[in-house]
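All residue numbers for the first sequence refer to numbering that gives the first Met the number 0, where the first residue is 0 and numbers rise by one. Structure first, then comments.
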Amino acid sequence: MAILSGSCRFGLWNVHVSWQDDLVYRVRFAREGIPGPVPEEILRYCAGRPSDLSTLRSVATEGETTFARIYRAVREVPCGETVTYGEVAWMVGTAPRAVGAAMARNPTPLVVPCHRVVAKTGIGGFSPDLAIKEALLAMERQRDVCMPEKGEVNR
DNA sequence: ATAATGTCCCATC
DNA sequence: GATGGGACATTAT
């Protein structure tokens, strides 16, 4: 089968997704949208509705490279919570700057929740726009986009 | 081999 | 509180 690609809206941005079944190859934020399908969980998440992004897999977490291990560690950060670059580094057994470099090159934001990794003193960075990171964190703190478990999805 | 990262920590004002 | 420099691991050129 061919890899599918499409986009959905999140605030002022469009979230482009390349995927197949439960495996996500790439996620990126862009000004303009494109037609095509997007995984159901991502669609719900962007709409601020309950979703469980952990049901999706990312190509970024596969392999035995240091980056892959970093992405796996980040994936375990619960929705609504944050960790610092240093803490992730300690868990994986690497350096804080390596974590920063890995986040900057994260091929699948959201699926690998790099927005939950913040600096010890501030919020850290995010591209293409730090405002996206702030919006994601604010949404996870206030809304119940987290915990799709056991039917509370609608009513 | 060198530069560049979405960092951290400690020593200074 | 603000600033500066060094150390750290990894990737890209």
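Ideal Cβ placement from N, Cα and C applies to all residues, glycine included.
- In this structure, Val117 is the residue among Val117, Ala103, Glu61 and Thr65 with its C-alpha nearest to the C-alpha of Glu86.
- A direct Cα-to-Cα measurement between Ala137 and Ile2 gives close to 32 Å.
- Look at the segment 9-51 and you find these whole runs of alpha helix (DSSP H), each 4 residues long or longer: 39-45.
- Runs of the alpha helix (DSSP H) lying entirely within the segment 46-105 and spanning at least 4 residues, in chain order: 65-74, 84-91 and 95-103.
- Leaving aside the five residues that flank Arg104 on each side, the residues in its chain whose CB is nearer than 8 Å to its CB run, in chain order, Phe66.
- The beta-bridge partner set that DSSP reports for Pro108 consists of Val111.
- Under DSSP, Cys7 forms a beta bridge with Val14.
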